Amino acid sequence: MVASLSRPALTDAVVVPMRRRHLRGVLAIEHVVYPRPWSPALFVTELGQRRDRRYVVALAAHGARPPPWPRRLVVGYAGVLMQVGEAHVTTVAVHPRHHRRKVASRLLVAVLAEARALGAEAATLEVRVNNRGAQRLYGGFGFVPVGIRPGYYAETGEDALIMWAHGLQSEDFAARLRAQRARLEAPGGSSGAPDLHVPWVQGRVGLDAAPEG
Ligand SMILES: CC(C)(COP(=O)(O)OP(=O)(O)OC[C@H]1O[C@@H](n2cnc3c(N)ncnc32)[C@H](O)[C@@H]1OP(=O)(O)O)[C@@H](O)C(=O)NCCC(=O)NCCS
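Counting from 1, position 175 in the sequence shown corresponds to residue 631 in the working numbering; the numbering is continuous, with no gaps.
This is how it looks when you write it as structure tokens:
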């Protein structure tokens with residue numbers, strides 16, 4: 457049985473480039489949502505490759521500390537790797553407490569806009585075949601399934617669905633990103649569509665997001 461979810465968008469979330477100081481919060485989420493989390497060293501290596509990698513975090517205000525110094529927590533992150541005119545989305549993750557609040561959409565808008573600015577004509581990613589929630593998210597950005605990589609996820613033996621989005625430089629794709637941006641600010645929040653399976657994270661909700669510092 458799947459629940460119907462209608463949650464308000466996290467409209468105060470801001471997306472900024474990922475820095476080393478964000479890694480504590482990033483890793484806390486990484487350990488909740490993935491069976492084989494990336495190591496701190498891997499993130500540091502990725503962050504060092506500034507020419508062809510772009511990593512961003514979503515930060516959200518936390519607690520009562522007022523502006524101009526609100527306490528901000530990392531609530532999600534995403535990355536993209538540029539390879540010969542193609543963008544490879546390497547990761548997208550959101551703290552389970554904030555799922556269905558448009559955080560991943562916000563992150564994807566940011567990394568795909570970066571990919572366009574870097575000249576990408578197309579974007580690709582792998583997603584677990586049974587991660588139907590993520591597949592729906594990617595579908596909203598024009599990604600379509602093109603094939604399967606059997607056993608791609610060595611830790612669980614799961615197959616990966618390969619998805620591609622084409623025409624990133626086209627006006628159609630620009631319009632798609634504009635529409636997604638508009639959804640982020642819509643007061644109504646999520647569509648209320650049923651919550652589809654997202655593997656691994658189910659049942660692990662409740663861990664506190666770590667402070668950004
Ligand atoms: C997949 C994931 C990144 C989605 O993050 P999110 O911030 O909840 O996604 P958004 O709120 O931006 O979702 C945007 C749209 O995607 C779709 N979607 C996202 N998660 C969904 C789910 N569990 N069930 C159904 N649809 C979902 C919906 O269409 C949603 O719009 P709606 O809520 O208005 O219906 C998040 O569940 C996550 O971190 N999962 C663990 C890590 C992971 O699986 N990453 C992807 C690896 S390829």
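Cβ coordinates follow ideal geometry from the N, Cα and C atoms, glycine included.
Owing to the predicted nature of the structure, the values given are computational and were not obtained by experimental measurement.
Enclosing beta strand (DSSP E) for Asp-615 [first to last residue]: 614 to 622
Let's see if you can read the secondary structure: which residues bound the beta strand (DSSP E) around Val-545? 542 to 550
Please list the terminal residues of the continuous alpha helix (DSSP H) segment that includes Val-565. Here the alpha helix (DSSP H) through Val-565 covers 559 to 573.
Alpha-carbon to alpha-carbon, Leu-574 and Pro-655: 32 Å
In whole angstroms, what separates the C-alpha of Ser-495 from that of Tyr-608? 19 Å
Please tell me whether, using a cut-off of 6 Å, the distance from the CB of Gly-535 to the nearest non-hydrogen atom of ligand 1 is below it. The beta carbon of Gly-535 sits no closer than 6 Å to any heavy atom of ligand 1.
Taking Val-550 as the reference, which of Arg-588, Trp-620, Leu-515 has the closest Cα? Leu-515
Say the cut is 6 Å; is the CB of Leu-466 nearer than that to a heavy atom of ligand 1? no
Closer than 6 Å: is that where the CB of Ala-616 sits relative to any heavy atom of ligand 1? Short note on Ala-616: C-beta not closer than 6 Å to any heavy atom of ligand 1.
Please state whether the Cβ-Cβ distance between Leu-466 and His-555 is less than 7 Å. no
Please say whether Gly-532 and Val-559 have beta carbons closer to each other than 7 Å? yes
Please confirm whether any heavy atom of ligand 2 lies closer than 6 Å to the CB of Ser-626. No copy of ligand 2 appears in this structure; the ligands present are ligand 1.
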